[in-house]
Amino acid sequence: MYNIAKKGANKDEQDDLELIESVTKPFFDPYTESRQLFTQWMIDSDIYISATNFDKDNFLKRFVKQRDKVQTEFDKIKPNSNKLAEKVGELKIHLDALERHGTRKAVISSIKQKSTPQLEDTIILEKGKTVDILKQVSEIFNGSARFLKVMDKWAGVKMLDYFVSVPEIPIKILTSNLEKKSEIEFQVMLNRINETRSNKIEVRVCDPKEFHDRYIINEKDLWMIGSSLKDVGYKNWTTITRTNDNEKRGDINNIFDDLWKKSSVFSF
55 MYNIAKKGAN
65 KDEQDDLELI
75 ESVTKPFFDP
85 YTESRQLFTQ
95 WMIDSDIYIS
105 ATNFDKDNFL
115 KRFVKQRDKV
125 QTEFDKIKPN
135 SNKLAEKVGE
145 LKIHLDALER
155 HGTRKAVISS
165 IKQKSTPQLE
175 DTIILEKGKT
185 VDILKQVSEI
195 FNGSARFLKV
205 MDKWAGVKML
215 DYFVSVPEIP
225 IKILTSNLEK
235 KSEIEFQVML
245 NRINETRSNK
255 IEVRVCDPKE
265 FHDRYIINEK
275 DLWMIGSSLK
285 DVGYKNWTTI
295 TRTNDNEKRG
305 DINNIFDDLW
315 KKSSVFSF
């Protein structure tokens with residue numbers, strides 16, 4: 055998201071700027087999304103190139119397709135520039151009028167509350183589309199800036215694929231039923247990933263009776279997963295639902311922290 059905050063602005067000016075930003079955000083979201091699409095593609099390209107079945111021609115076709123998709127998104131937002139200018143102008147006129155009537159601050163507070171609804175969206179992950187799923191889940195993980203916590207009762211080596219490109223932030227995985235047949239493979243893969251990271255991925259195991267549902271938690275969002283990450287795309291279709299409800303996110307984050315303290319460090 056662009057930032058129109060102004061250095062040295064007084065409180066009233068800053069309120070105006072924040073209000074304008076919240077109202078004009080829809081005009082800039084397509085731009086932000088198009089930038090993210092291309093950036094994520096560049097990250098994912100490393101995965102495709104390093105794959106054992108890497109096909110140069112197919113990779114180039116995918117690259118051109120993604121580039122064209124980004125260009126299309128940019129083209130969509132061009133007509134919005136005039137609308138944006140009109141919207142900002144209207145807001146300034148209204149703010150001036152409110153100032154004269156002494157109700158400016160009350161109205162700004164009300165609009166801000168209405169312009170920040172609790173968001174919720176769902177991603178459908180289809181069986182068999184493992185490459186697409188890897189990209190989608192990696193985007194969720196890469197959206198974390200400060201930390202990433204994952205609660206998944208049934209852990210397995212396949213889930214570690216999603217952590218390969220995650221930035222250097224603290225990552226904690228809490229599980230309770232690690233697949234016995236893949237414990238050694240899980241440990242080997244975990245060690246390989248951690249060799250490339252200064253912030254090591256931590257894995258702990260707790261009592262299976264302590265939790266059942268699966269969650270992804272970061273500093274701003276809570277994601278609820280329909281099935282274990284190791285099975286996503288392999289056994290059946292599932293969904294991942296996001297909410298930015300801070301109260302819910304805070305509650306689950308506290309539960310995670312409590313269970314983490316009572317859990318044992320995974321070591322095979």
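Just so we're on the same page, this note's numbering is the position in the sequence shown counted from 1, plus 54.
All C-beta atoms, glycine included, are put in the ideal place defined by N, C-alpha and C.
All values derive from a computational prediction rather than experimental measurement.
task: Specify, as a first and last residue, the run of the beta strand (DSSP E) that Arg296 falls within.
output: Counted from its first residue, the sequence shown places residue 296 at position 242. Note, Arg296: beta strand (DSSP E), 292-297.
message: On a Cα-Cα basis, can you pick out the residue from Asp299, Glu264, Glu256 that is closest to Phe320?
response: For this step, residue 320 is matched to residue 266 along the sequence shown. The shortest C-alpha separation from Phe320 is found at Glu256.
Rounded C-alpha distance that separates Asp272 from Ile225: As a position in the sequence shown, residue 272 is number 218, starting the count at 1. As a position in the sequence shown, residue 225 is number 171, starting the count at 1. Reading the sequence as shown, one finds Asn at residue 272 and not Asp. One C-alpha to the other measures close to 10 Å.
- prompt: What three-state label does DSSP hand Trp277 in the structure shown?
  reply: Working through the sequence shown from its first residue, we reach residue 277 at position 223. In the structure shown, Trp277 sits in a strand (DSSP, three-state: E or B).
message: Applying the 10 Å Cβ sphere with the 16-neighbour rule, what's the burial state of Tyr288?
response: Numbered from 1 along the sequence shown, position 234 holds the residue referred to as residue 288. Tyr288 comes out exposed.
query: Secondary structure at Ser169, three-state DSSP: helix, strand or coil?
result: Indexing the sequence shown from 1 puts residue 169 at position 115. Annotation note: pLDDT 43 at Ser169 (below 50); position unreliable, no value reported.
message: According to DSSP, is Asp175 part of a helix, a strand, or is it coil?
response: Against the sequence shown, residue 175 aligns to sequence position 121. Note: Asp175 maps to strand in three-state DSSP.
- prompt: Apart from the five residues on each side of it in sequence, which residues of its chain come closer than 6 Å, Cβ to Cβ, to Leu326?
  reply: Shown here, the chain extends from 55 to 322; a query on residue 326 therefore has no answer.
query: When burial is assigned at 16 or more other CB atoms within 10 Å of the CB, is Ser318 buried or exposed?
result: Sequence index remark: in the sequence shown, residue 318 carries index 264 (1-based). Counting Cβ neighbours within 10 Å, Ser318 comes out exposed, since fewer than 16 surround it.
task: Please classify Tyr85: does DSSP put it in a helix, a strand, or coil?
output: Translated into the one-based positions of the sequence shown, residue 85 becomes position 31. Model confidence at Tyr85 stands at a pLDDT of 49, short of 50, so the residue's coordinates are unreliable and nothing is read from them.
- prompt: Lys316 lies in the alpha helix (DSSP H); which residues open and close that run?
  reply: Here residue 316 is taken as the residue at index 262 of the sequence shown, counted from 1. It spans 300-316 - the alpha helix (DSSP H) in which Lys316 sits, taken as one unbroken run.
query: I think Ile194 touches Ile270, with their Cβ atoms under 8 Å apart; what is that distance to the nearest whole Å?
result: For the purposes of this step, residue 194 is taken as the residue at position 140 of the sequence shown. For the purposes of this step, residue 270 is taken as the residue at position 216 of the sequence shown. Indeed they touch by this definition, with Cβ atoms about 6 Å apart.
- prompt: What do you reckon, is the C-beta of Phe310 under 8 Å from a heavy atom of the ligand NAP?
  reply: The ligand NAP is not part of the structure shown, which contains no ligands of any sort.
task: Confirm, please, whether the CB-CB distance from Met205 to Ile306 is below 9 Å.
output: Reading the sequence shown from its first residue, position 252 is the one you call residue 306. Reading the sequence shown from its first residue, position 151 is the one you call residue 205. Against a cut-off of 9 Å, the Cβ pair of Met205 and Ile306 comes out as a contact.
query: Taking the beta strand (DSSP E) that Ile270 falls in, what are its first and last residues?
result: Along the sequence shown, read from residue 1 onward, the residue named residue 270 stands at position 216. Where Ile270 is concerned, the enclosing beta strand (DSSP E) stretches over 268-271.
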